[in-house]
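Visitor: Got a structure for you, questions after.
Protein chains: 2
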Amino acid sequence: MSTLAIASAKEVFDLLHDDLEAIEREFGADAVSSVEAITEISCYLRQGGGKRIRPLLLLLSARSLGFSGHDMVRLGAVVEMVHTATLVHDDIIDAADTRRGRPSANTTWGNSKCVLAGDWLYMQAFRVALEARNFRILDLLIGLTQQMVEGELLQMERLGRAISADEYNDLIYRKTACLFEVSMRIGAVLAGASEDREQAMGEYGRNLGMAFQIVDDVLDLTASEEVLGKPVASDLREGKATLAVIHALENGSTAAERAAIHTVLTDQDFSRVTHDEILAILRRNHSVEFAMNEAFACADAARSAIADLPDSDYKRALLWVPDFVVAREK
Amino acid sequence: MSTLAIASAKEVFDLLHDDLEAIEREFGADAVSSVEAITEISCYLRQGGGKRIRPLLLLLSARSLGFSGHDMVRLGAVVEMVHTATLVHDDIIDAADTRRGRPSANTTWGNSKCVLAGDWLYMQAFRVALEARNFRILDLLIGLTQQMVEGELLQMERLGRAISADEYNDLIYRKTACLFEVSMRIGAVLAGASEDREQAMGEYGRNLGMAFQIVDDVLDLTASEEVLGKPVASDLREGKATLAVIHALENGSTAAERAAIHTVLTDQDFSRVTHDEILAILRRNHSVEFAMNEAFACADAARSAIADLPDSDYKRALLWVPDFVVAREK
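Here it is, written out as structure tokens:
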């Protein structure tokens, strides 16, 4: 495999099979509290799966720079725990009913317990990270979680109205790209990389994360509920304008089209304008295409950022991930 | 003053006046986020006041051991921020309308924003603590916040039913005494104290915290709303059995009295049994007296733990604080 480009998710997951298994075991052990309800909720969340893309990035970053110590496993679990904690609190805030095709934790345990379970998971992530005894990593994690929490608040304040592309980019950076960036940076810090190298790995993560979230938002508009495992167009139903919608509003759509989009954002439902009508507006303005092109550009920027990494299977995997992210269907 | 026992709150606050002012400034600066809603909420919470007893303990611990560096101010703000963060999330969980005589933050900003503001305050506390570059202190803070969060969940699971005195003690340790203990321990760590000394300072804090919470719970039963600045008997209204109530249930009360207490705990209101009837039951069983005696014993244990501290105004202040805590009327 080492002389060819990596061509499938299976090859990447095979390459990291043992590391990812170790991270699952670490996460499993970390999710246990002396308080039963916390263990129940965090096990439920852990078993809900997810793509484990953040730990995967951390592993690829560290391994591509020659690191292979246990801290990689520990911190892989940490970034997934931080991600999980944000999901619990976000689901409370969005009053979400489902997550990853199952009832969301707040539906099962109620908001109060989930506030506390989310708090506990954040703390547990820091506790495990603290075991690595590395201030730089703690700085990255704390800075990150604050950016994410602030982002969620900014998003709340912008619900129900059209936002600019800049505002959108800031929101998705905070929501997704920031943790992708930090996962890559932590891998570099563990490997004792130079600041420049850490920066470049961070650039890769940030661009990959932007691509990931843009595609996520496009899929929310265009995919079917069976494929997605959650209700479609949930962003519009929550009053969130995402990139394709912003493009349609800002570029070439008619006054009637703009009014239709504003109606849905304000109503936060499809009672006066249907989902199909919105899709037709986006199609007429090539807005989904525009958003996907942005995602492709971010994927390219991610690949460029690591062009000068020493050659290895891990580098090849990193070069492949952006394709996976933009081509996925859910 | 140095040859006499300290006899008033004023003397203690005079002794620490500059330090406490510096902590207010630090807290004020730390409570500022680039996201306006967070700054608003955290300033509202900060300005709500509170006794600042946790920073005061940290200062007295550090100063009584000869420390006087800036980290004392920084970490004084940190323990108050952790305390504030727990209050925000607790008020959401208890659906509290008032806090310290004002509308609670969740009443003003809604639950969602307050979940996030609480998250942000926790993170900010860790971020500021991280500046001290001391792993031991971070270990203490993370362990602490997890104990507190777990305690809140345990309490939720025990609402509406009689709990044992052991369960009560565990709950109030997690709710209050744990942070008092950690505040004292951090002071000792800053001063470079031995493990034994840190342990003894922690013992002081733990016992003081137990006394503090027992008295708090007694006042909730016996004080008037004007004095307390919040509705009285809120514990019973939330289905929480506190020490005096547990005593009445376990010691000598008649079957009818026990039934009356169970009724209030189950109903979580005074529609079938009045607050006055509960107070009469507690009086007949000397239950408030019992709880206050427990508080006095904890106050004594706190003083004993620091008996061998070198003599100083700070030690004398520490010897005085337990009296203040058990004698307060709100």
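Keeping their order, the protein sequence lines are chains A and B. To convert, note that position 258 of the first sequence is 258 in my numbering; the numbers rise steadily by one, no gaps. Whatever position you read off the second sequence (first residue = 1), add 1000 for my numbering. By construction, the Cβ of each residue, glycine as well, lies at the ideal position given by its N, Cα and C atoms. Since we're looking at a predicted model, the values are computed, not measured.
1) Who are the neighbours of B/Thr1039 on chain A, taking C-beta pairs under 9 Å?
2) Can a CB atom of chain A be found closer than 8 Å to the CB of B/Asp1166?
3) Are the C-beta atoms of A/Thr107 and some chain B residue less than 8 Å apart?
4) Count the other CB atoms, across all protein chains shown, that sit within 10 Å of the CB of B/Gln1155; report buried if there are 16 or more and exposed otherwise.
5) Taking the beta carbon of A/Ser304 as the centre, do at least 16 other beta carbons fall within 10 Å, making it buried, or is it exposed?
6) Please list the residues of the segment 1123-1144 of chain B that have a C-beta atom closer than 8 Å to any C-beta atom in chain A, keeping them in chain order.
7) Looking at chain B, which residues of the segment 73-99 of chain A have a Cβ within less than 7 Å of any of its Cβ atoms?
8) Please report the Cβ distance between B/Ala1105 and B/Asp1091, rounded to the nearest whole angstrom; I am assuming they are in contact, meaning their Cβ atoms lie under 8 Å.
9) Do three or more CB pairs link the segment 181-198 of chain A to the segment 276-286 of chain A at distances below 8 Å?
10) When the Cβ atoms of the segment 1138-1153 of chain B are set against those of the segment 114-126 of chain A, are three or more pairs found closer than 8 Å?
11) From the DSSP secondary-structure annotation, give me the bridge partner or partners of A/Thr98.
12) Given a cut-off of 8 Å on the beta-carbon distance, is the pair A/Ala132 and A/Asn207 in contact?
13) Which residues of chain E have a Cβ atom closer than 7 Å to the Cβ of B/Met1156, listed in chain order?
14) So that I know if they touch, is there some Cβ in chain A lying closer than 8 Å to that of B/Glu1152?
15) Mind checking whether A/Ala248 and A/Glu238 have CB atoms under 8 Å apart?
16) Who are the near neighbours of A/Thr266 in its chain, counting only those whose CB is closer than 7 Å to its CB and skipping five residues on each side?
17) In the structure shown, what three-state DSSP assignment does B/Lys1051 receive?
18) Which residues in the same chain have their Cβ closer than 6 Å to the Cβ of A/Leu141, if we skip the five residues on either side of it in sequence?
19) Report the residues of the segment 1025-1053 of chain B with a CB closer than 7 Å to any CB of chain A, ordered along the chain.
20) Can you give me, in chain order, the residues of the segment 304-329 of chain A that have a beta carbon less than 7 Å from any beta carbon in chain B?
21) Since A/Ala233 and A/Glu329 should fall inside the 8 Å C-beta cutoff, what is the C-beta to C-beta distance between them, to a whole number of angstroms?
22) Would the segment 168-183 of chain A count as touching the segment 1044-1054 of chain B if we require 3 or more Cβ pairs under 8 Å?
23) Taking the alpha carbon of B/Thr1039 as the point to measure from, which residue in B/Glu1157, B/Met1210, B/Asp1308, B/Gln1124 has its own alpha carbon closest?
24) Decide if A/Arg272 is buried, meaning its Cβ has at least 16 other Cβ atoms within 10 Å, or exposed.
25) Checking 8 Å against the spacing of the C-beta atoms, do B/Ile1041 and A/Ser112 come in under that value?
26) Is it buried or exposed, A/Thr3, if we count other Cβ atoms within 10 angstroms and call 16 or more buried?
27) Using a Cβ-Cβ distance cut-off of 8 Å, determine whether A/Gln146 contacts chain B.
28) Is B/Leu1236 closer than 8 Å to B/Val1082 when the C-beta atoms are compared?
29) What are the start and end residues of the alpha helix (DSSP H) that includes B/Ala1077?
30) Have a look at B/Val1115 and A/Leu116 and give me their C-alpha separation to the nearest angstrom.
31) So, using beta-carbon positions, are A/Ala244 and A/Val288 closer together than 8 Å?
32) Check whether the Cβ atoms of B/Thr1086 and B/Lys1230 lie closer than 8 Å to each other.
33) Between which two residues does the alpha helix (DSSP H) carrying A/Val32 extend?
34) Taking Cβ positions only, does A/Val149 come closer than 8 Å to chain B?
35) Could you tell me if B/Thr1084 is buried or exposed, where buried requires 16 or more neighbouring beta carbons within 10 angstroms of its beta carbon?
36) From A/Phe296 to A/Glu181, what does the alpha carbon distance come to, in whole angstroms?
Guide: In brief:
1) Reading the second sequence from its first residue, position 39 is the one you call residue 1039 of chain B. Result: empty, since nearest Cβ-Cβ is about 10 Å, beyond 9 Å.
2) If you number the second sequence from 1, residue 1166 of chain B lands on position 166. So, not an interface residue.
3) For this step, residue 107 of chain A is matched to residue 107 along the first sequence. No, because no Cβ of chain B sits closer than 8 Å to the Cβ of A/Thr107.
4) The count along the second sequence starts at 1 and reaches residue 1155 of chain B at position 155. Classification of B/Gln1155: buried, given that the 10 Å Cβ count is 16 or more.
5) As a first step, residue 304 of chain A is located in the first sequence; it is residue number 304 there, counting from the start. With fewer than 16 Cβ atoms within 10 Å of its Cβ, A/Ser304 is classed as exposed.
6) Taking 8 Å as the Cβ-Cβ cut-off against chain A, the residues of the segment 1123-1144 of chain B that qualify are Met1123, Gln1124, Phe1126, Arg1127, Leu1130, Arg1133, Phe1135, Leu1138, Asp1139, Ile1142, Gly1143.
7) His89, Ile92, Ile93
8) For this step, residue 1105 of chain B is matched to residue 105 along the second sequence. For this step, residue 1091 of chain B is matched to residue 91 along the second sequence. Contact holds; Cβ gap of about 7 Å.
9) no
10) yes
11) If you number the first sequence from 1, residue 98 of chain A lands on position 98. Partner(s): A/Pro103.
12) Position 132 of the first sequence holds residue 132 of chain A. Position 207 of the first sequence holds residue 207 of chain A. With contacts defined as CB atoms closer than 8 Å, A/Ala132 and A/Asn207 fail to qualify as a contacting pair.
13) In the structure shown, chain E does not exist; the protein chains are A and B.
14) Numbered from its first residue, the second sequence carries residue 1152 of chain B at position 152. With 8 Å as the cut-off, B/Glu1152 counts as an interface residue toward chain A.
15) Working through the first sequence from its first residue, we reach residue 248 of chain A at position 248. Working through the first sequence from its first residue, we reach residue 238 of chain A at position 238. Cβ atoms of A/Ala248 and A/Glu238: not closer than 8 Å.
16) Taking the first residue of the first sequence as position 1, residue 266 of chain A is located at position 266. If we look at A/Thr266 and ignore the five residues flanking it on each side, its Cβ neighbours are Gly160.
17) Reading the second sequence from its first residue, position 51 is the one you call residue 1051 of chain B. Here B/Lys1051 sits in coil by DSSP.
18) On the first sequence, residue 141 of chain A is found 141 positions in, with the first residue counted as 1. Excluding positions up to five away in sequence, the list reads Ala129.
19) Ser1033, Ser1034, Val1035, Ala1037, Ile1038
20) none
21) Counted from its first residue, the first sequence places residue 233 of chain A at position 233. Counted from its first residue, the first sequence places residue 329 of chain A at position 329. Wrong, their Cβ atoms sit about 16 Å apart, outside the cutoff.
22) no
23) By one-based count along the second sequence, residue 1039 of chain B stands at place 39. Out of B/Glu1157, B/Met1210, B/Asp1308, B/Gln1124, B/Gln1124 has the C-alpha closest to the C-alpha of B/Thr1039.
24) Residue numbering aside, residue 272 of chain A sits at position 272 when the first sequence is read from its first letter. Per the 10 Å Cβ criterion, exposed.
25) Your numbering for residue 1041 of chain B matches position 41 in the second sequence. Your numbering for residue 112 of chain A matches position 112 in the first sequence. Result no, Cβ atoms of B/Ile1041 and A/Ser112 do not sit closer than 8 Å.
26) Here residue 3 of chain A is taken as the residue at index 3 of the first sequence, counted from 1. At A/Thr3 the pLDDT is 47, less than 50, meaning the model places this residue with poor confidence and gives no usable figure here.
27) For the purposes of this step, residue 146 of chain A is taken as the residue at position 146 of the first sequence. Cβ-Cβ to chain B under 8 Å: yes for A/Gln146.
28) Here residue 1082 of chain B refers to the residue found at position 82 of the second sequence. Here residue 1236 of chain B refers to the residue found at position 236 of the second sequence. No. Outside cutoff.
29) In the second sequence, counting from the first residue as 1, residue 1077 of chain B sits at position 77. First-last of the alpha helix (DSSP H) with B/Ala1077: 1071-1093.
30) Position 115 of the second sequence, counted from the first residue, corresponds to residue 1115 of chain B. Position 116 of the first sequence, counted from the first residue, corresponds to residue 116 of chain A. Taking C-alpha positions only, B/Val1115 is separated from A/Leu116 by approximately 10 Å.
31) For the purposes of this step, residue 244 of chain A is taken as the residue at position 244 of the first sequence. For the purposes of this step, residue 288 of chain A is taken as the residue at position 288 of the first sequence. Against a cut-off of 8 Å, the Cβ pair of A/Val288 and A/Ala244 comes out as a contact.
32) Sequence index remark: in the second sequence, residue 1086 of chain B carries index 86 (1-based). Sequence index remark: in the second sequence, residue 1230 of chain B carries index 230 (1-based). No, they are not a contact pair.
33) If you number the first sequence from 1, residue 32 of chain A lands on position 32. Careful: A/Val32 lies outside any alpha helix (DSSP H) and carries neither H nor E.
34) Here the question's residue 149 of chain A lines up with position 149 in the first sequence. By this cut-off, A/Val149 is an interface position.
35) On the second sequence, residue 1084 of chain B is found 84 positions in, with the first residue counted as 1. Per the 10 Å Cβ criterion, buried.
36) Start at 1 with the first residue of the first sequence, and residue 296 of chain A comes out as number 296. Start at 1 with the first residue of the first sequence, and residue 181 of chain A comes out as number 181. So the two alpha carbons sit approximately 18 Å from each other.
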